[in-house]
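Chemist:
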Amino acid sequence: MLPRLHHQSDIDPVVHTYLHELEAAGFTGDIETQYSSRFSVATDNSVYQQLPQAVIHPRTTEDVSLIGKISSKPNFSAITFSPRGGGTGTNGQSLTKGIVVDLSRHMNKVLEINEEDGWVRVQAGVIKDQLNDAIRPYGYFFSPELSTSNRATLGGMINTDASGQGSLKYGKTSDHVLSLQAVFVDGSILETDLSAGHPTEGYAAQAYDVTEQVCRDKRQQIVDKFPPLNRFLTGYDLKNAIDEESDRFDITRVLCGAEGSLAFITEAKLNLTRIPKARTLVNIKYDSFDSALRNAPLMVQANALSVETVDSKVLNLAKQDIVWHSVKELITDVPGKEMQGINIVEFADQDQAQVNELVSKLVASLDETLAQGEAGIIGYQVCDDLPSINRIYGMRKKAVGLLGAAKGRAKPIPFTEDTCVPPEHLADYIVEFRALLDSKGLAYGMFGHVDAGVLHVRPALDMCDPEQERMMLEISDEVVKLVAKYGGLMWGEHGKGYRSEYSPAFFGEELYKELRRVKAAFDPSNKMNPGKICTPLDSDAELVKVASVMRGHYDRQIDVQVRDSFKQAMECNGNGLCFNYDTASPMCPSMKVLADRRHSPKGRAGLVREWLRQLTEQGVDILSLEQETYQNNASIKGLIDRVRNRINKRHEYDFSHEVYEAMNGCLACKACASQCPIKVDVPSFRSRFLNIYHSRYQRPMKDYLVANIETMLSLIARVPKVVNAMLEQGWVKNLTASTVGYVDAPLLSIPTLAKRIRRHPLENFDMQRLASLSEQERDNYTIIVQDPFTSYYEADVVEDFIALLVKLGKKPVLLPFKPNGKAQHIKGFLKQFKSTAESAAAFLNEVAQLGIPMVGVDPALVLCYRDEYAELLGDRLGQFNVLMVHEWLMPRLAQFTAKAPQQDSAPWYLFAHCTEKTKLPNTEKEWGAIFNHFGATLQSVPVGCCGMAGTFGHEVDKLQMSKDIYALSWKPNLNKLPTDRCLISGYSCRSQVKRFEHIKPKHPLQALLNLV
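Residue numbers (our numbering): 4 to 1015.
(1) Quick check: R558 and C467, are their CB atoms within less than 8 angstroms of each other?
(2) Go ahead and label V725 buried or exposed: buried means 16 or more other beta carbons lie within 10 angstroms of its beta carbon, across all protein chains shown.
(3) Kindly indicate which three-state DSSP category K834 falls into: helix, strand or coil?
(4) Reducing DSSP to helix, strand and coil, say where K414 ends up.
(5) Output the boundary residues of the beta strand (DSSP E) element that contains W614.
(6) How big is the Cα-Cα spacing for A844 and T785?
(7) Using three-state DSSP, classify H452 as helix, strand or coil.
(8) Check whether the Cβ of L718 lies closer than 8 angstroms to any Cβ atom in chain C.
(9) Less than 8 angstroms between the CB atoms is what I'm expecting for N298 and I433, so what's the real figure, rounded?
(10) Any idea what DSSP makes of E477, helix, strand or coil?
(11) Measuring only the C-alpha atoms, how far is M887 from I268?
(12) Can you tell me whether DSSP reads D105 as helix, strand or coil?
(13) How about G167 and G500: are their beta carbons less than 8 angstroms apart?
(14) From A572 to P894, what does the alpha carbon distance come to, in whole angstroms?
(15) Which residues does DSSP pair with K386 in a beta bridge?
(16) Report the residue from N935, E470, E513 whose alpha carbon sits nearest the alpha carbon of P904.
(17) Kindly list the residues whose CB is nearer than 7 angstroms to the CB of D790, restricted to its own chain and excluding five residues on each side of it in sequence; keep chain order.
(18) Please report how far the alpha carbon of G579 lies from the alpha carbon of A806, in whole angstroms.
(19) Would you say L576 and G407 are within 8 angstroms of each other, going by their C-beta atoms?
(20) Buried or exposed, going by whether 16 or more other CB atoms sit within 10 Å of the CB of M715?
(21) Note the first and the last residue of the continuous alpha helix (DSSP H) segment covering S593.
(22) Excluding the 5 residues flanking T1016 on each side, which residues of the same chain have their C-beta closer than 6 angstroms to its C-beta?
(23) Short check: CB of A295 to CB of G344, under 8 angstroms?
(24) Between R222 and I245, which are expected to be in contact by the criterion C-beta below 8 angstroms, what is the C-beta distance as a whole number of angstroms?
(25) In angstroms, rounded to a whole number, what distance separates the CA positions of A740 and V959?
(26) Output the distance between the C-alpha atoms of S85 and V103, rounded to the nearest integer angstrom.
(27) Mind checking A798: buried by the 16 CB within 10 Å criterion, or exposed?
(28) Checking the sheet assignment: what are the DSSP bridge partners for W911?
(29) Buried or exposed: V358, going by 16 or more other Cβ atoms within 10 Å of its Cβ?
(30) Here's the rule: buried if 16 or more other CB atoms are within 10 angstroms of the residue's CB, otherwise exposed. What is E613?
(31) What does the Cβ neighbour count give for L738, buried or exposed, with the cut at 16 atoms within 10 Å?
(32) Let's see if you can read the secondary structure: which residues bound the alpha helix (DSSP H) around E929?
(33) State the Cα-Cα distance for the pair K316 and D441, rounded to the nearest angstrom.
(34) For a test of the three-state rule: what should DSSP assign to M110, helix, strand or coil?
(35) Locate the beta strand (DSSP E) running through S309, then write down its first and last residues.
(36) Going by beta carbon distance, what residues of the same chain come within less than 8 angstroms of S506, once the five residues before and after it are set aside?
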């Protein structure tokens, strides 16, 4: 049985006292001290792991000021903070053993948009894409670009002075910050545009005065030392704090790139850039990555907006990812040539003629080079429509995550991935860099901004291996020397974080002392992100080290066989794509509405890793324990023990309960399994966790109802009118909600499917008779595989599919109902699911021998055969294949008479099931082609999860979350479209819409029935 995981509280009593005083003083935000919340912010996108004492989520600037004021009391001198935004840093910038102050949950409002002057005021927690969505209607965008734009906050961008593609023209974040609202650790507040006048008291006053003095007194030394690089990012930006023309001091520049080590940034006033009216992309293909690098300067000279490069390793990983289906026609292979790298060259301007002229010149040059067989160029493609350009950049943005998806235990990791050298030296620098990595026998991928001399290089290392951890440190030291040789920096884009130990050597003793003076003026007690960038002057505090505690130190405590078995959780690298702001993105619905990092694939993967580590620490053989759950039959004693443990649950601490809470909020929508570049499949390890967890703690009654629903349906469907009459009784609804925890139970179909099929020329399933038919005769048959939901709750959908097949000249055969077991998997009844899956697979394999296509109606159940069945059964799965309706139709369209487009007919609108469109990314496109074949237009509606997810939305404790998820993208889209033209492919989604909109939506096949 699973042991109880005791966790000794490691929170300093002083921190507890501080948090109590903070709350008593009127703090209005959230204060979290539970282990799971702290652990969820103990990692970012780096190799490091550091557990904080607490996590604070302020709601207002006043809250942030209060955080500082209370901490200034003498008894709280040891309290330290680290500001946190999206948590996507690659060098541990926001990690701390103090208190994390997360501004992303509540302080995420766009406060003011000034269209006339082209600026905006935002809170620090606003996500970059969120800002662009808000200002796009005014013709503006916030131009500093970065690959994590759908989850990175403006506060994080300011603190790392972020920039990316297009920076030669658009600059870095600091080039667009007009002013900041900064809160100092003593609680004083500074508006850096001095709208409230020159600061006269508190840390704000001394920081302003001392920093200006340093910038003026040491001006020449600063100018001489700070390299003239587009991506310069190190220390505090003392060079640009003095404006060359006006000689004005601007403290804003010093705060940009300070990594939260000087003050909290709560608001920012940003200037905006006009959206270019003309954009064209040229994808240039090369026979080697070196050729791409050496050819890039010519692209810059062609007045391009940006030149991005991607090597063959990243391209090949992209081809294995869901993202490739969107770009494969835009980056085609060159016949007879091997594409080893590409340069993505963009031209953008307000003047279309100007862009056309620049592109024409480049194309003419490329044609000449191709004809002469020079520069390693093997081909190119021009792209000038915005949707295609965005898809190409979408693939490029995913490069960071894709590298983390490399197979094997060694994973490309960030630690030296944002080196910056003068662009003219880049190719020679990379030759030496590659020689260094090759000498260590390491694999690596490369991509980056060659126009700015920045290249992202991630060597593949197994950080669970202490020897390879030491190798990482050796390589870091070597790269610092290498970039110095070429006049560059090791930290050209992603900040310093744990690389801060290299600061003194870079600046030299005298100038580094001045940086420490600045730190001391802002933060004399070293409370703000201590150890990052520099330490206060006259302090004996130390800088953080590259060799600080790494995640690998903890992961290697887990048995290697367990790590391999739970790799969907172990391999999460913290890239944070699951924090995607876009409500139309299917990943991750619970994170979107809760804004709680625990309720995300990253959070859940991290908690399972820690759960496995704690079990290993207690000497538990996890895999053997799991096997026991498949073999042991329930006993009265075991039941009594589990009930007793459940009763004691509220009194006894067990870290497993915190993991359970995070897993309980997962909708098992499976979007993470395909959308995440690492393929962190939460439902897979979630079901395993629940299976083991419930070996100790008794399940709630609703779990048994859900797990046995398929068996129950075949019985209660015999008396549907009686069952429905009961379900509609108010007292039954109340009793079901209070005792079982289940609400809004759907009603059974009347007439039942058994009665409906009598209306159609439908043959009974007869294995022997079908086997006796000739191959030609069997070509006319189609076998319908039933699922519990459409067969028993939406029998009209199955009936209409039968009618559609008949209308298309096919002979439908309804396969006897066989339980699928997906609900058992979701709830972690893995022993029962194994039995169900083995039985169903054996039956379907037998039917598959007929050679007649098998088709199912509901995406969740059909795809379960390909996913959960394949994972559980492996080689024992067999060869059967159940198709979706559109998968069956698409390759057979030529058999059916095409119809001319109906000019006056209104379009149909497709709301696709989230699991379906993530697992089968061409789903919406194929449905569109099918409707087009029959003379109709079908438009895909960009929506995320509907919030129902099987029975998730029917559970009392999930009801509010289900409503909130539905309100994100489904409700607003349905409200603006004619609902009678909206088609929905998933049963759960139709059920959710029926519940909240009180309409009965159709499956696409039902609309098709009237078109053929």
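Glycine is no exception: its CB is placed at the ideal position from the N, C-alpha and C atoms. Fair warning: this is a prediction, and the values are worked out from it, not measured in the lab.
Modeler: So, from the data block:
(1) Rather than Arg, the amino acid found at residue 558 in this sequence is Asp. Contact: yes.
(2) exposed
(3) helix
(4) strand
(5) Element bounds for W614: not the beta strand (DSSP E) but the alpha helix (DSSP H), 604-620.
(6) 19 angstroms
(7) strand
(8) Looking for chain C here will not work: only one protein chain is present.
(9) Between I433 and N298 the Cβ distance is about 13 angstroms, and since that is not below 8 angstroms, they are no contact.
(10) helix
(11) 51 angstroms
(12) strand
(13) no
(14) 37 angstroms
(15) This sequence places Cys at residue 386; Lys is not what is there. Bridge partners of C386: L284.
(16) N935
(17) N823, G859, V860, D861, L864
(18) 46 angstroms
(19) First, the residue type needs correcting, since residue 576 is Asn and not Leu in the sequence shown. Cβ distance < 8 angstroms, so N576 and G407 count as in contact.
(20) exposed
(21) 592-597
(22) The first residue shown for the chain is 4 and the last is 1015, placing residue 1016 beyond what the model contains.
(23) yes
(24) 7 angstroms
(25) 7 angstroms
(26) 5 angstroms
(27) buried
(28) L941
(29) buried
(30) buried
(31) exposed
(32) 926-936
(33) 15 angstroms
(34) coil
(35) 309-314
(36) T237, G238, K499, Y515, L518, I536, C537, L546
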